[in-house]
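Visitor: Protein chains in written order, with this note's numbering: chain W, 397 to 1057; chain X, 208 to 486; chain B, 52 to 402. Idealized CB from N, CA, C, for every residue including glycine.
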Amino acid sequence: MANVLTTCPFCGSGCNLYLKVENGKLTGVLPSASHPVSRGKLCIRGWYAHEFVSHPDRLRWPLVKKNGSLQRASWDEALSLIGSRLPRGADVGVVGSARCANEDNYALMKFARAVLGTDNVDFSSRPQRVADLSALGSVLGVTCATNPSPELTGAEVITIVGADLVPEITMIASLIYEALDRGAKLVVISAMRTQLAGLAEVFLQPKPGAEPALLCGLLKSVVDQGLMDSSLLDRNWDAYDQFVTSLSQFSLDNVEERTGVSADDIARAAKLVGGARKSVVLYSSGLEQHPAAAAMTTALADLVALTNHLGQPSMGIYPLARQNNFQGALDMGLAPGLLTGGQSLTDAKQKFEQAWGCRLPDAAGEPLPAMLSSVKGLYVMGADVISGAADPAAARRSLEAMDLLVVQELFMTPTAELADVVLPAAAYAEKDGTATCTDRRIQLLRKAVDPPGEARPDWQIIRDLAARMGATWRFDSSAAIMAEIASLTPSYAGVTYDKLDAGWGAYWPSDNGAGERLHPKGLSLQPVQCPGAPQADAEHPFLLVLDPMSERWTTDATVVHSDMLRREYQIGAADFPAGYVEMNPEDAQEFQLRQGFRVKLSSANGEAQLQLKLSPRVRSRTLAVPYHLREKVRALFGGPAAGQVEGHQVYPPVAVSIAAA
Amino acid sequence: MEVMERRPNIYLPQIARITGVRDETPDTKTFVFRFRDDETHAAFTWRPGQFVELSVFGLGEAPFGFASSPTRKGSFEITIRAVGALTRALHAMGPGDEVGIRGPLGNSFPYDEVQRRNILFIAGGIGLPPLRSLIQNMFDERDKFGDITILYGARTPTDLVYKSELKEWEQRSDIKFMVTVDRSEPGWQGNVGMVPTLFPKAGVKPDGTVAYMCGPPVMIRFVIQDLVSMGFADEDIISTLERHMKCGVGKCNHCCIGHKYVCRDGPVFSYKQMKGLLE
Amino acid sequence: MSRALRLEKSRWREWVAALQKASTVIAPVRLHGDDVAFERITSPDQITLDFDNPQDSPKRFLFPQVEPMLRYHRNGGYDVEPLYDEEKRVLFAIRCCDVSAVRFFDLALGVPDLPDSYYATRRAHTAFIALGCNAPCRECFCVCANTGPFLPSGGGFDVQLTDLGDYFLVEVDTSKGEELIGAAPDLFTSASKDDLAERAALDKAAEQRFPRDPRLYFSASSRKVSVDSVEEDLWRRMAEWCVACGGCTNICPTCYCFNVTDAQVNGVGVRSRRWDSCQYPGLTREASGHNPRPEQLHRLKRRMFHKISYQYGARDGMQGCVGCGRCVRVCPGIRLGIPEVGEAIRRAEWK
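#1: Would you kindly check if the distance between the Cβ of Thr232 of chain X and the Cβ of Asp366 of chain X is under 7 Å?
#2: Alpha carbons only, please: which of W:Val619, W:Thr655, W:Val995 and W:Ser465 is nearest the one belonging to Phe639 of chain W?
#3: For Ala271 of chain B, name the three-state secondary structure that DSSP assigns.
#4: To the nearest angstrom, how far is it from the Cα of Leu504 of chain W to the Cα of Trp855 of chain W?
#5: Are the region 465-473 of chain X and the region 199-207 of chain B touching, with three or more C-beta to C-beta distances below 8 Å?
#6: Under a three-way DSSP split, which group does Trp752 of chain W fall into?
#7: Looking at Gly465 of chain X: is its Cβ nearer than 7 Å to the Cβ of Leu312 of chain X?
#8: Using the beta-carbon count (16 or more within 10 Å), is Met208 of chain X buried or exposed?
#9: Within the same chain, show all residues whose beta-carbon is closer than 7 Å to that of Arg350 of chain B, passing over the 5 residues directly before and after it, in chain order.
#10: One question on the structure: do Cys404 of chain W and Leu413 of chain W come within less than 7 Å of each other, judged by their Cβ atoms?
#11: Give me whichever residues DSSP pairs with Ser262 of chain X in a beta bridge.
#12: Would Cys421 of chain X pass as an interface residue toward chain B - the criterion being a Cβ-Cβ separation below 7 Å?
#13: Let me know the secondary structure DSSP gives Trp356 of chain W once reduced to three states.
#14: Check each residue of the region 365-383 of chain B: if its Cβ is closer than 8 Å to any Cβ of chain W, include it; give the result in chain order.
#15: Among the residues of its own chain, which have a CB less than 6 Å from the CB of Leu529 of chain W, if the five just before and after it don't count?
#16: Tell me Phe219 of chain B's beta-bridge partners as DSSP assigns them.
#17: Where does His1044 of chain W sit, in a helix, a strand or coil, going by DSSP?
#18: Examine chain X for any beta-carbon lying closer than 7 Å to the beta-carbon of Pro133 of chain B, and answer yes or no.
#19: Any idea what DSSP makes of Ile1054 of chain W, helix, strand or coil?
#20: Could you give the distance in angstroms between the alpha-carbon of Val210 of chain X and the alpha-carbon of Leu231 of chain B?
#21: Does Trp63 of chain B come out as helix, strand or coil in the three-state DSSP assignment?
#22: Three Cβ pairs or more, each shorter than 8 Å: is that satisfied between the region 968-975 of chain W and the region 539-548 of chain W?
#23: Could you name the residues of the region 275-299 of chain B whose beta carbon sits closer than 7 Å to any beta carbon of chain W, in the order they occur along the chain?
#24: Mind checking Asp319 of chain X: buried by the 16 CB within 10 Å criterion, or exposed?
#25: By the 10 Å Cβ neighbour count, where 16 or more other Cβ atoms means buried, how is Asp237 of chain B classified, buried or exposed?
#26: Could you tell me the distance, in whole angstroms, from the CA atom of Ser409 of chain W to the CA atom of Thr198 of chain B?
#27: Grab me the residues of Val141 of chain B's own chain with a C-beta within less than 6 Å of its C-beta, minus the 5 sequence neighbours each way, in chain order.
#28: Output, in chain order, the set of chain B residues within a Cβ distance shorter than 8 Å of Leu266 of chain X.
#29: Taking 8 Å as the limit between beta carbons, can you name the residues of its chain near Tyr363 of chain B, skipping five residues before and five after?
#30: List, in order along the chain, the chain B residues whose C-beta lies closer than 7 Å to that of Lys458 of chain X?
#31: So what's Glu652 of chain W in DSSP terms, helix, strand or just coil?
#32: Of the residues B:Thr300, B:Gly374, B:Arg54 and B:Trp66, which one's Cα is nearest the Cα of Ile98 of chain B?
#33: With 9 Å as the C-beta to C-beta threshold (strictly closer), list the residues of the region 438-466 of chain X near chain B in chain order.
#34: Within the 7 Å Cβ cut-off, does Glu305 of chain X reach chain B?
#35: In terms of DSSP beta bridges, what is Glu762 of chain W paired with?
#36: At a CB-CB cut-off below 8 Å, which residues of chain B make contact with Tyr414 of chain W?
See the structure below:
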């Protein structure tokens, strides 16, 4: 039995585990004990990280649509077809993956820009993060975690906003448990009562839509209690004045009415967060679909800047990534106008043109989802565009209308089913490569077994396709690709597989004098905003939200194709086959509704029917539907215009009534 | 540690063929089985209350109780409702098709120790099949037992299983048999009401009586309450417990209640034993 | 015990090389960083003896995480064929707690009236060379479970090694053990009475080195768990620290819940079993949706009951927990290893 060390393919924690290999097959998993994040532990996903790899439904050979159905074809036929029929320039789009390796994503974006001549490049988990990451950037000058995650264990106060870490990003939760065991205190701010909320010193559960107001209140209380960093007051900041002005328009007197949280509780939270030196803020998917994600993130970034919890161990802010290589996908430039390592197309165009020996597109292209309606051909790698879209029906219509859809995948996903060409890809355990987890640590993937059938690593497929289309890249290994990335990307400079292998990966920026910690120099407090929130009324006494934290892994292809994970993650679907809406048990009793009842939900826009699931984690007068069931309640929300943030569909809370159907 | 010999593999199914299928209700069928290998079939026997793990090759295994008596040896019968992938696949099979069988597994209904006593059967819906194994056995050795009373209820007349056999039972003069339905249907002349409504009509009394019951958990709970308040001793109330099962031989730990394994220490438990179980 | 021998420390790798001629040797190997796990070795040089206890227990080799059980295919009618693993193996340098875990498995899985044929086959083809502990590691508590730091004759090992400085004391306990010595008999000389006395002294000294920590002794909590006198609220508060990863049961050398599934592999049906866990809701969830252990608190309670109750101790003939300490290290919630939970139960207190 061989033990092959690799990085877990599921969430952004970045655990390392050993894949057990016997007779060329994966037979199990063992956590790495000395890895600074896993520390000998794994979540249920990690413990079964071997299962989906060997599922019988893995795609094994290329498929080409003939007479309306996908049929087995040779690589030659498939790649020739793509080469001849894939549009170029503005007519083509390329979608990469937050789950594939950095080398795969880099090869894909190079293919897009150098060969297809398009800057319509994106990855399907990015649209819902644009708002919060740019808000983070406008205050702190960075759009990533400021500190390494192992430091969480040394924090004194940990503030978790909009995240249900235990089921979603489990090893980060474990680092927090370790901090708690050492006496750290938790502040949890979340619309749903999460598991960690039960251990919080202060748990603030605002009304849906009132989160920005709550965070404004928190900031105001920090200022009122004099908990800002005094060195800030010494600086002569226009920005500070503007910030204070924007805050002064906000009063704590009516905060309870506005948010459902008392001024006292807010003051207690502020005292904890601002009063400790080693104070840390984390947020995650609770902000992903939130209409006010920008406002909330601005407030959180302002908070960290105001209290100067930056640049030292066990401080900082973490915009947590749910996917194993979300950070890496951003780092590889899978976004319009963006090249690797945060370099913009405009700034680095010349350098890349020189290195690649070709012209790059002049202007930034279209992002998702706009790209889907503007292009005629689409190349998708490792992304289920339909299931990941905020509006799956619209995404499906766009894909059906494509002249050519190419999908490179592990399994037949809903997106792959619509493809004209399907290419079988190797899974993480079947190739070498790197992935960058949520705290900027670049880590190795190591090949443990061969891919099934004729499946191949993504970067090899793209290299060969590019070769057919006239480009000659010297990518004879994934290490060679990393060498090219490192040569063009200051933050990845000096990264080699040997260096990554010597320890437990490496943080970027590799040229950072302060080590793994970022001490953002470009601090600029931004004015706070408090967008209005939908209100319930007598006719519609509940606010219904789509809960992005709930059962996030339920429909993921790698979970569905793993016996154990499917069994555990689909209990909700099995218990409530018609889909469910969560309601507080006390509310249910008051409205004479019981577990399992079929209920009718009505808003000013329309109706929906679901089964009722009683859940104490839901706030009074709130109803929650898991985000992955959004299509079942589509009619309740207004049309597309009602909730668009940066071109991406969001679903603001909507006032509804509920009754037995 | 001494070297362990390889004993018969407890996980290895024997091949059995379906020799007959009878429709009982729209979603329930009785399957008649015979082992493919004559020697295996000749050696095979069971006690009422026991079960088998039945393999539908390619899909998996599930536990099902014997529905026929070991005194009728030509075949064994199992009555199955289609509720999931495996049972639906089975329902699509017919005579000649093969399945895997491991068994007999589990414990059995008290039999020898209740000779000369009065026997009361209470069955609800799909709970009748495992009791039928015991009923047929007692019919075949009728003079070993005192009064036999059978009370059976289903949701509707359509949901009654063994419809033609029930008619035979109605004709027998050596037992008392009563059937009821929760909801009537056109043409139904018999009792309407839940099974406990039959108790006074049937003259149920605890004296010298052992009660065997099988049915939906809700029904069992109420029936046990009624019998206890009537004066039945805890050890004279016999039922079966169900848990999600996998291996059926007390190894995989799916079906444990405390340190008892439903597949080994059960599925038959007296009410007295049930009370002693720690979840 | 049949006899006691000596083996020069400088020569133990030669013995391993000799063993490799007839068996696959599985021994602790240093992986990345400070990680140590059992691995099939090709050369004795791969072996490290510098460890507390390998992260992975020998359970992997006797009861794997994924194990094919039988194969069936249609050949007119169906043919069913069991799949056995008959590789000859020597597990080298396993700790006494882990040896005791094997003894537990013999009782729970190998039990004569219903032997698990797959376990029994692997077990019959495996020999165990134990390495006693001169000092405990931080998390272990074999003194409570009576499974170490050294084992007496009959403890389950074929050979037990004691590190006496320049040489190993080699206690040969079984005929299988004699075969292992017979692979390179010239490497061994007789042990002296002093050697045996030193071994006894080391055993005592090792026991003394366990900290005087009530968390290491769970007998009081065994009683409470057995009579179900633990307040539900205590279970609930402890369960708030559980992330339902199943790590405790996966890493535990005596846990053996498993799930069975059928799959088609190249036109042939294969039934396999894989590790399952009482910490997962799906283990007990019934087709109707009813779950007799609906919340994590019920599942935590179940785990403790199976590991340390008198009822299970009586049923299996031995207590389920061998005090290896792996559950302490593997728990993402940090606190739900057996010692801390046991102590919370004893004191009826959880902060």
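Guide: Put simply:
#1: On the second sequence, position 159 is the one that residue 366 of chain X refers to. On the second sequence, position 25 is the one that residue 232 of chain X refers to. Here Asp366 of chain X is near Thr232 of chain X, since their CB atoms are less than 7 Å apart.
#2: Stepping through the first sequence from its first residue, residue 639 of chain W is reached at position 243. It is W:Val619.
#3: Position 220 of the third sequence, counted from the first residue, corresponds to residue 271 of chain B. Assigned with DSSP and collapsed to three states, Ala271 of chain B falls in helix.
#4: Counting from one through the first sequence, the residue named residue 504 of chain W turns up at place 108. Counting from one through the first sequence, the residue named residue 855 of chain W turns up at place 459. Rounded to whole angstroms, Leu504 of chain W to Trp855 of chain W spans 7 Å at the Cα level.
#5: Verdict: no, contact absent.
#6: Position 356 of the first sequence, counting from 1, holds the residue named residue 752 of chain W. In the three-state scheme derived from DSSP, where H, G and I count as helix and E and B as strand, Trp752 of chain W is classed as helix.
#7: As a first step, residue 465 of chain X must be located in the second sequence, where it is residue number 258. As a first step, residue 312 of chain X must be located in the second sequence, where it is residue number 105. No, the Cβ-Cβ distance between Gly465 of chain X and Leu312 of chain X is not below 7 Å.
#8: Locating residue 208 of chain X in the second sequence gives position 1, counting from the first residue. Low confidence applies to Met208 of chain X: its pLDDT is 35, below 50, so where it sits in the model is not reliable, and the reading given next is rough at best. By the 10 Å Cβ count, Met208 of chain X comes out buried.
#9: Here the question's residue 350 of chain B lines up with position 299 in the third sequence. If the five residues before and after Arg350 of chain B are omitted, its C-beta is found closer than 7 Å to the C-beta atoms of Cys329, Gln330 and Arg344, all from its own chain and listed in chain order.
#10: Taking the first sequence and counting its residues from 1, one reaches residue 404 of chain W at position 8. Taking the first sequence and counting its residues from 1, one reaches residue 413 of chain W at position 17. Yes, they are a contact pair.
#11: The residue labelled residue 262 of chain X in the question sits at position 55 within the second sequence. Note: Ser262 of chain X sits in a beta bridge opposite X:Glu268 and X:Gly307.
#12: For this step, residue 421 of chain X is matched to residue 214 along the second sequence. No, because no Cβ of chain B sits closer than 7 Å to the Cβ of Cys421 of chain X.
#13: The requested residue 356 of chain W does not occur in the structure, where chain W is confined to residues 397 to 1057.
#14: The region 365-383 of chain B vs chain W, Cβ under 8 Å: Arg380, Val381, Cys382 and Pro383.
#15: Against the first sequence, residue 529 of chain W aligns to sequence position 133. Closer than 6 Å at Cβ, skipping near neighbours: Thr539.
#16: Locating residue 219 of chain B in the third sequence gives position 168, where the first residue counts as 1. Note: Phe219 of chain B sits in a beta bridge opposite B:Leu58 and B:Asp214.
#17: Within the first sequence, residue 1044 of chain W is the residue found at index 648, counting from 1. Under the three-state reduction of DSSP output, His1044 of chain W falls in the strand class.
#18: Walking along the third sequence from the start, residue 133 of chain B turns up at place 82. Pro133 of chain B counts as touching chain X.
#19: In the first sequence, residue 1054 of chain W corresponds to position 658, counting from 1. Three-state result, Ile1054 of chain W: strand.
#20: By one-based count along the second sequence, residue 210 of chain X stands at place 3. By one-based count along the third sequence, residue 231 of chain B stands at place 180. Because the pLDDT at Val210 of chain X is just 40, under 50, the model does not fix this residue reliably, and the point stays unresolved.
#21: Along the third sequence, read from residue 1 onward, the residue named residue 63 of chain B stands at position 12. Correct three-state label for Trp63 of chain B: helix.
#22: No: the two stretches stay apart, fewer than three of their Cβ pairs being nearer than 8 Å.
#23: Cβ contacts with chain W come from Glu291, Trp292, Val294, Ala295, Cys296, Gly297 and Gly298.
#24: Walking along the second sequence from the start, residue 319 of chain X turns up at place 112. By the 10 Å Cβ count, Asp319 of chain X comes out exposed.
#25: What you label residue 237 of chain B is simply residue 186 of the third sequence in a count that begins at 1. That one is exposed.
#26: Taking the first sequence and counting its residues from 1, the one referred to as residue 409 of chain W is at position 13. Taking the third sequence and counting its residues from 1, the one referred to as residue 198 of chain B is at position 147. C-alpha separation (whole angstroms): 37 Å.
#27: Numbered from its first residue, the third sequence carries residue 141 of chain B at position 90. The answer, listed in chain order, is Leu70, Ser74, Val76 and Ala178.
#28: In the second sequence, the residue the question calls residue 266 of chain X occupies position 59. Contacts between Leu266 of chain X and chain B, judged by CB atoms closer than 8 Å, involve Asp313 in chain order.
#29: Locating residue 363 of chain B in the third sequence gives position 312, counting from the first residue. Result list for Tyr363 of chain B: Phe356, His357, Gln370 and Gly371, in chain order.
#30: Translated into the one-based positions of the second sequence, residue 458 of chain X becomes position 251. By Cβ distance, chain B contributes Leu160 and Asp167.
#31: Here the question's residue 652 of chain W lines up with position 256 in the first sequence. It is helical.
#32: Stepping through the third sequence from its first residue, residue 98 of chain B is reached at position 47. Per the C-alpha coordinates, the member of B:Thr300, B:Gly374, B:Arg54 and B:Trp66 positioned closest to Ile98 of chain B is B:Trp66.
#33: Cβ proximity to chain B below 9 Å picks out Glu449, Arg450, His451, Lys453, Cys454, Val456, Gly457, Lys458, Cys459, Asn460, His461, Cys462, Cys463, Ile464, Gly465 and His466 from the region 438-466 of chain X.
#34: Stepping through the second sequence from its first residue, residue 305 of chain X is reached at position 98. Closer than 7 Å: yes.
#35: Indexing the first sequence from 1 puts residue 762 of chain W at position 366. Its beta-bridge partners do not exist; DSSP assigns none.
#36: Taking the first sequence and counting its residues from 1, the one referred to as residue 414 of chain W is at position 18. In chain order: Leu82, Asp86 and Ala88.
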